[in-house]
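Here the protein sequences line up with chains A and B, keeping their order.
When you line the first sequence up against the working numbering, it's residues 1 to 379, in that order.
When you line the second sequence up against the working numbering, it's residues 380 to 776, in that order.
Read the structure below first, then the notes.
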Amino acid sequence: MKLVLSEEEQFLKDTAKSFADERSPITHFRKLRDTNDPYLWDRDLWSEMTKLGWPGILIPEEYGGSNFGITGISVILNECGKTLTPSPLFSTGVIGAYSITNFGTDEQKKNYLPQIVDGELTTSLAIDETSHHNPANTEITAKKDGSNFIVNGKKIFVIDGASADIIILLARTSGKKGDLSGLTLFLIDSSTEGIDRIKLDMADSRNYANITFDNVEIPEVNILGDLETGGETVENILDIGRIAMASEMLGNSEAAFETTLDYLKQRKQFGVLIGSFQALQHRAAEMFCELELTKSSVMAATKAADEGSNELQRLSSLAKTVAGETLHLISNEAVQMHGGIGVTDEYDIGFFLKRARVAEQIFGSSKYHTERYANLSGF
Amino acid sequence: MSDLKKFREDTKKWLDENCPPSMRSGADSNIPVDEVWGGRNAKYKNPESKIWLDKMGEKGWTMPTVSKEYGGGGLNKDEVKILNEEMFLIGAKAPLLSFGIWMLAPVLLEYGTEQQKKEHLPKIIKGQIRWCQGYSEPGSGSDLASLATKAEDIGEKFLVNGQKVWTSYADKADWIFALVRTGPKEPKHDGISFLLIDMETKGVSTKPITLISGKSPFCETFFDDVEVPKNNLIGELNAGWTIAKKLLQHERAFISNFGLAAGMGSTKDVVSIAKKHLGDENGKIQNEFYRSEISSHKIKEHAFGLTLKRAGDEGGKASATASMFKLYGTEHNKKRHELMIAASGINGVAWDGDEFDDSDKNLTRAWLRTKGNSLEGGTSEVQLNIISKRVLGLPSQ
Chain A
1 MKLVLSEEEQ FLKDTAKSFA DERSPITHFR KLRDTNDPYL WDRDLWSEMT
51 KLGWPGILIP EEYGGSNFGI TGISVILNEC GKTLTPSPLF STGVIGAYSI
101 TNFGTDEQKK NYLPQIVDGE LTTSLAIDET SHHNPANTEI TAKKDGSNFI
151 VNGKKIFVID GASADIIILL ARTSGKKGDL SGLTLFLIDS STEGIDRIKL
201 DMADSRNYAN ITFDNVEIPE VNILGDLETG GETVENILDI GRIAMASEML
251 GNSEAAFETT LDYLKQRKQF GVLIGSFQAL QHRAAEMFCE LELTKSSVMA
301 ATKAADEGSN ELQRLSSLAK TVAGETLHLI SNEAVQMHGG IGVTDEYDIG
351 FFLKRARVAE QIFGSSKYHT ERYANLSGF
Chain B
380 MSDLKKFRED TKKWLDENCP PSMRSGADSN IPVDEVWGGR NAKYKNPESK
430 IWLDKMGEKG WTMPTVSKEY GGGGLNKDEV KILNEEMFLI GAKAPLLSFG
480 IWMLAPVLLE YGTEQQKKEH LPKIIKGQIR WCQGYSEPGS GSDLASLATK
530 AEDIGEKFLV NGQKVWTSYA DKADWIFALV RTGPKEPKHD GISFLLIDME
580 TKGVSTKPIT LISGKSPFCE TFFDDVEVPK NNLIGELNAG WTIAKKLLQH
630 ERAFISNFGL AAGMGSTKDV VSIAKKHLGD ENGKIQNEFY RSEISSHKIK
680 EHAFGLTLKR AGDEGGKASA TASMFKLYGT EHNKKRHELM IAASGINGVA
730 WDGDEFDDSD KNLTRAWLRT KGNSLEGGTS EVQLNIISKR VLGLPSQ
């Protein structure tokens, strides 16, 4: 495993960087927030991303995708993270595309994948039920009824859940809360009767929903993967998601750090640039080191995913932990080093802080993954 | 058969015939283990240590990439990889630990004259001459460029007077590479030269310094009217600071490996210590607070290892990152030892006597030794300064 980007991956990264700089600078996000956009992502921007082939990066060529790999999609999210670009790329281009490509039936692939490639269909993963991520604690039930399952219960904090066409639901078909066994994944049309979506207002002004299921009927053919093995399947899907999210968070950190560094080089106090103060220099240097460690962790994880390494789980927890801690540090330091303007809404740096704390929670916090890393490492 | 395939076969065969049994992993633990530093006065508890050094030195495989005319192995990158793999497979011990190899040789290759390279490199590679480093002085620590040991031009020779401190193993070394002031009127960075001095020269003396660990790996080194031939000057007169900085990068790259458990500084794994002293059920450390702290630490160690790997894979960016690795590697090593002694409880602060195991007593001393890691080769604070200014481009005051 070589920890360098291939020429093609580097090209993808450069393309994504130009795109994010030109088409979705932070003002783009600010406008969506200020206009209280119902989706909190822009459909025109999404169709531009579609034209670049981004939703199909994890999808095989026979369904119209480019099969470009986790590293490929991650470098794009990394660049989008730098300008806080909101889009369904994570929940659809990573989670939806990966899940259906790897665990879907031929029928499901034919149904959904070409539509994902065309940007016509977006997905979301309904996983959490309590304030802390823990798939084993799934309680929402799917009870067998003839050739259908009847779903009752509530999912919370569903990413892009307020807009998604397809919900990938993790539900309990047997066993009890706390077991990873007895869980099953379903693909559900979000317009199915009995589904109620409540849009959430989160600190980062992105698209989330709580979703209730009231006697929702799902045909058996909509099971994703196998009955009762959803726990294992979803862990794999989540690991890919964690790695991609870590890459986006790395982008958040890089941009917040760059902005702060620029500020240190132009803001004067006591007649000198504040960047000449050693108290700030050393903290900046420490952030630089943490960023370098994060880059390596994220790259090792994306490469492991592409190479099907048996270290995938550990590297996923590693990447999510390191990316989370680095972003936590940098988002705090960035605000502090900006001084008063750092806590104004008018200035962008606060957006990074708010995005940071939400992203840290997605698919497990650093604490969750530090514990998981210990379990996986045998101590 | 491809050239590389043949090289692998030949190497395997050579190692099989020449690497003594006690120099391989799995050797009888009753055979004494030498830390082989070579040199004129080297002593060996196990004669096979010397045989292994001589065999490898003859091949030039202690510095496999250096060309054969200087006594090196003359191998290319692919061949070195094969050599390392084959040595790893039989668990072969490193034949030689050497400041000459780690620090001086790269500098000689870059700045030395043809004659200097031919004179010194073969002896470094064969482990015949043991080198030490004369950088710090009592008044010049972090502000190294303020150094005062002077070398006056007395015609055919330099006359050296002054004192160095923190000279690692000066009492055992044969030669010293030293920074000396040759331009007292020049600005401080522009009056320093890089000089090689034979420790047997009249007027050179050393005195070991006892550390808080109870050990004395460092010395004070004194120069009292020491006459040094002029052709022992490396590079131009008064251009030593550039060489000094280059050498520090090699030194820092080397010290940063301490940050990895697999690096030289490690004694034992923090996980096994924690399991031993805090309990181990179903493979889990039986204390959630320590377990969580150890996991955080292991994650950082893993990320650091991946960063060293990435720097290697990217190639050639060492100078920008050497300070980061030095800083992180040493701070990490300190933290690991703090965790190890904390997880050992009372046993982690054992000093002497029969009531404690050697492993506990050694750990206490190893922990104390790590406190020097973030001082030697440039303190952590100096590394932070370098990163701020050279990497991040932050302004000076």
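Just so you know, even glycine gets a beta-carbon here, dropped at the ideal spot from N, CA and C.
The model shown is predicted, which means the values in this text are computed figures rather than measured ones.
Around LEU476/B, the same chain offers GLU414, VAL415, TRP416 as residues with beta carbons nearer than 7 Å, after the five sequence neighbours per side are excluded. Three or more Cβ pairs closer than 8 Å define a contact, and the region 40-48 of chain A meets that threshold against the region 82-92 of chain A.
Chain B places no beta carbon closer than 8 Å to that of TYR208/A, leaving this residue out of the contacts. The Cβ of LEU329/A sits no closer than 8 Å to any Cβ of chain B.
According to the DSSP assignment, ASP239/A belongs to the alpha helix (DSSP H) that extends over 230-264. Rounded to whole angstroms, LEU32/A and ASP201/A show a C-alpha spacing of 13 Å. Bridge partners of GLN542/B according to DSSP: PHE601/B. Judged by beta-carbon spacing, ILE571/B lies beyond the 8 Å limit of ALA527/B, meaning their Cβ atoms are not closer than that value.
Taking each of ALA16/A, LEU5/A, LEU121/A in turn and checking the Cα distance to ILE188/A, the smallest one comes out for LEU121/A. Where LEU574/B is concerned, the enclosing beta strand (DSSP E) starts and stops at 571-577.
Interface flag for LEU773/B against chain A is set, since a Cβ pair is found closer than 8 Å. Per DSSP, TRP440/B lies in no alpha helix (DSSP H) and is assigned neither H nor E.
Per the C-alpha coordinates, the member of LEU312/A, ALA301/A, GLU307/A, HIS132/A positioned closest to THR686/B is ALA301/A. In terms of beta-carbon proximity, VAL650/B lines the interface with chain A, with at least one pair separated by less than 8 Å. In the assembly as shown, GLN115/A is a buried residue. Its beta-carbon has 16 or more other beta-carbons within 10 Å. Exclusion of the five residues before and after ALA421/B leaves VAL415, LYS429, GLY506, ARG509 as the residues of its chain whose Cβ lies within less than 8 Å of its Cβ. Residues are counted here when their Cβ sits less than 7 Å from a Cβ of chain B; for the region 53-86 of chain A the count is zero. Contact between VAL459/B and THR444/B holds: their C-beta atoms lie close to 6 Å from each other, under 8 Å. By the Cβ test, the region 464-482 of chain B is in contact with the region 387-397 of chain B, since at least three Cβ pairs between them sit closer than 8 Å. For LYS551/B, there is no enclosing alpha helix (DSSP H), as DSSP marks it with neither H nor E. Cβ atoms of ALA305/A and LEU312/A come within 8 Å of each other, at about 6 Å.
The straight-line gap separating the alpha-carbon atoms of HIS28/A and ILE70/A is approximately 26 Å. For THR758/B, no chain A residue has a Cβ inside 7 Å of its Cβ, as the nearest lies near 12 Å away. PHE537/B and PHE735/B have their C-alpha atoms some 53 Å from each other. Put simply, the CB of HIS681/B is near chain A, with a gap under 8 Å to one of its CB atoms. Within chain A, VAL272, SER276 have C-beta atoms less than 7 Å from the C-beta of GLN776/B, given in sequence order.
The closest CA to that of LEU616/B, considering only LYS586/B, ASP569/B, ILE410/B, TYR449/B, is found on ASP569/B.
Restricting attention to GLU107/A, ILE73/A, LYS295/A, the CA atom closest to the CA of LYS688/B is found in LYS295/A. As computed with DSSP, LYS155/A is found in a beta bridge with ILE211/A. Here PHE68/A carries a coil assignment [DSSP, helix/strand/coil]. In this structure, the straight-line span from the alpha carbon of ASP348/A to that of GLU680/B is close to 33 Å.
Bridge partners of ASN148/A according to DSSP: ASP145/A, PRO219/A. Approximately 5 Å separates the beta-carbon atoms of ALA244/A and SER74/A; this is inside 8 Å, confirming the contact. Cβ contact annotation for GLU535/B (same chain, cutoff 8 Å, sequence separation greater than five): PRO608, LYS609, in chain order. In the DSSP assignment, ILE26/A falls within the unbroken alpha helix (DSSP H) covering 26-34. Taking 8 Å as the cut-off, the beta carbon of THR141/A is found closer than this to the beta carbon of ALA171/A.
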